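Enquirer: One structure follows; several queries about it will come next.
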Amino acid sequence: MHYAGANMASLYTDLWRGTMDCSGTDTCENWPWVVLIGDTWEEHGHAVTACKSYLPGSFEVAPCDPNLKMNSFYKAVEYIMWLYYLCPALLYGILPDNVWQNFCKFVTALRIMSQYRITPAQIAKACQLFADWEHKFELLYYQHRFDRIHMIRPCAHLSNHVALECTRVGSPICSSQWTMEWTIGNLGQQIRQPSDPFSNLAQQGIRRCQINALKAMLPQFDHAENLHPRGSRDLGNGYILLTKSDKKPVVVNGLQSAAIADFLGRPSPKFCRWARLHLPNGQIARSAWTETQKSPEDVCMARNIKEDENNRHFVNVALVTLYSLPQPELLALSYGALISCIHEGEESLCVIDINTIQSVVGMIPHKPTLPNGQVEEQFFLVEKTGLDIARCGLQDDNGDID
């Protein structure tokens, strides 16, 4: 939490904004990485704000405009989403190429280590990326100059230990401070008496421990959250259809009808549409049928999903449009940090098995200038911190470290 959301975030923002201390024998004008200043910094803030409606509500807090809010109550989760999920795309073409590529190495390694389940192959990859990143980081910024040694903060050296310690203590996200901070907040909300707050907080903690112990000894008293509200339909394996839905079966036309007919091998029948799907990981995916009825400003888009195409059975199905494979040059240059695709439109309509939907993701529009000089309208992938990242071109072992 503090490593990624505070220490490394402060290091990068101080460097890119030119707010880091500069000795008398050096000058910020000699720092080619100082790009987030003036109009560029203001435009970048607007670009971050424009991403908000494309991030699902399950991503918790969408980052605010850092130009306006970074110095006042900018949360750690906002720093993480902004720097490590939006900046690889938003700073492409703004940061110098060598600086951007070095940053992408760190982002890819950090995303790997932010998962709850990490395979041995991913640990090896993250370890190599962190090592390469630190060496290049020192050459780019510090440059072996004594008057720039303050640029190499302890958190930069800590990066080399993140992946190495994973094999001993497990995934870093499982031992981070998110759970403790959340618990402190919950206990604080339960205090009703303003006098003697610390004694009250201690008593709330004791009561919480006693309740948890009773639930562990007598599981029948641990009433699970109601995941089946009125009108829902349980599909099994943790997938639940949620309202709203068509009261009567409807007929679809055009490309949607053709995709369904191609899947069934006969003319498309009438069927009922559903608005939302509860996934096993707790996220809720929404259908374009309901999201497109609202203005883009009022939507936290949750209709982009990641699918496991190797696990199809076709019992309960969804009708989806596809994105292309990631742009190979950007994927290679960013070491997998920037996954940029083209939306293939209704011509790509196809039927998928609901049980292959893994998570809800964000697909944010941008117009990158490709290495060949061509400018294309594409969408870059953003995933929720802690979920298994999309594996693009990375062959893993089957063993997991939980």
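Take any residue in the sequence shown, note its place counting from 1, add 12, and you have its number in the working numbering. Glycine residues also receive a C-beta, built at the ideal position from the N, C-alpha and C atoms. Keep in mind that this is a model prediction, so the values were computed, not measured.
Would you mind listing the alpha helix (DSSP H) stretches within the stretch 90-114 that are 4+ residues and don't spill past its ends, in chain order?
Expert: Runs of the alpha helix (DSSP H) inside the stretch 90-114: 99-102.
Enquirer: When DSSP labels each residue in this structure, what does residue 84 get in the three-state scheme?
Expert: Residue 84: coil per DSSP, three-state reduction.
Enquirer: Going by CA-CA distance only, name the one from 394, 366, 367 that's closest to residue 375.
Expert: The candidate whose alpha carbon is nearest that of residue 375 is 394.
Enquirer: For the candidate residues 359, 15, 153, 113, whose alpha-carbon lies nearest to that of residue 39?
Expert: Ranking 359, 15, 153, 113 by Cα distance to residue 39 puts 153 first.
Enquirer: By alpha-carbon positions, which one of 343, 298, 341, 270 ends up nearest to residue 358?
Expert: Comparing Cα-Cα distances from residue 358 to each of 343, 298, 341, 270, the minimum goes to 270.
Enquirer: Is residue 290 buried or exposed, if buried means 16 or more other CB atoms sit within 10 Å of its CB?
Expert: Counting Cβ neighbours within 10 Å, residue 290 comes out buried, since at least 16 surround it.
Enquirer: Rounded to the nearest angstrom, how far is the Cβ of residue 380 from that of residue 391, given a contact under 8 Å?
Expert: Their Cβ separation, rounded to whole angstroms, is 11 Å, which puts residue 380 and residue 391 out of contact at 8 Å.
Enquirer: Give the secondary structure of residue 127 by DSSP, where H, G and I count as helix, E and B as strand, and everything else as coil.
Expert: In this structure, residue 127 counts as coil in the three-state DSSP scheme.
Enquirer: Can you tell me whether residue 371 is helix, strand or coil according to DSSP?
Expert: The answer is strand: DSSP assigns residue 371 an E or B state.
Enquirer: At which residue ranges does the stretch 267-328 contain complete alpha helix (DSSP H) runs of 4 or more residues, listed in the order of the chain?
Expert: Fully enclosed alpha helix (DSSP H) runs of 4 or longer: 300-303.
Enquirer: Straight-line CA distance for residue 218 to residue 184?
Expert: Approximately 27 Å between the Cα atoms of the pair.
Enquirer: Going by C-alpha distance, which of 223, 389, 241 is nearest residue 234?
Expert: The shortest Cα separation from residue 234 among 223, 389, 241 belongs to 223.
Enquirer: Output yes or no for whether 8 Å exceeds the beta carbon distance between residue 15 and residue 253.
Expert: No.
Enquirer: Could you check what DSSP says for residue 251 in three-state terms: helix, strand or coil?
Expert: Correct three-state label for residue 251: strand.
Enquirer: Work out the CA separation of residue 243 and residue 288 for me, nearest whole Å.
Expert: The straight-line gap from Cα to Cα measures roughly 12 Å.
Enquirer: Is residue 96 closer than 8 Å to residue 119 when the C-beta atoms are compared?
Expert: Going by C-beta atoms, residue 119 is nearer than 8 Å to residue 96.
Enquirer: Of all the alpha helix (DSSP H) runs that stay within the bounds of the stretch 208-238, which reach a length of 4 or more residues?
Expert: Qualifying alpha helix (DSSP H) stretches, in chain order: 209-229.
Enquirer: Quick one: grab the DSSP three-state call for residue 383.
Expert: Residue 383: coil per DSSP, three-state reduction.
Enquirer: Do you know offhand how far residue 246's Cα is from residue 362's?
Expert: Each residue's Cα considered, the two are about 23 Å apart.
Enquirer: Since residue 311 and residue 303 are thought to touch, with beta carbons under 8 Å apart, how far apart are those beta carbons, to the nearest angstrom?
Expert: At roughly 5 Å, the Cβ-Cβ gap stays under 8 Å, so residue 311 and residue 303 are in contact.
Enquirer: Can you say whether residue 80 is buried or exposed, counting buried as having 16 or more other CB atoms within 10 angstroms of its CB?
Expert: With fewer than 16 other Cβ atoms within 10 Å, it is exposed.
Enquirer: Which whole-angstrom value is the C-beta distance of residue 70 and residue 370, which I expect to be below 8 Å?
Expert: Incorrect: roughly 13 Å between the Cβ atoms, too far for contact.
Enquirer: Mind the definition here: the stretch 175-190 touches the stretch 137-153 only if three or more C-beta pairs lie below 8 Å; say whether that holds.
Expert: Result yes; three or more Cβ-Cβ pairs closer than 8 Å.
Enquirer: Where does residue 331 land, buried or exposed, given buried means 16+ other C-beta within 10 angstroms?
Expert: Classification for residue 331: buried.
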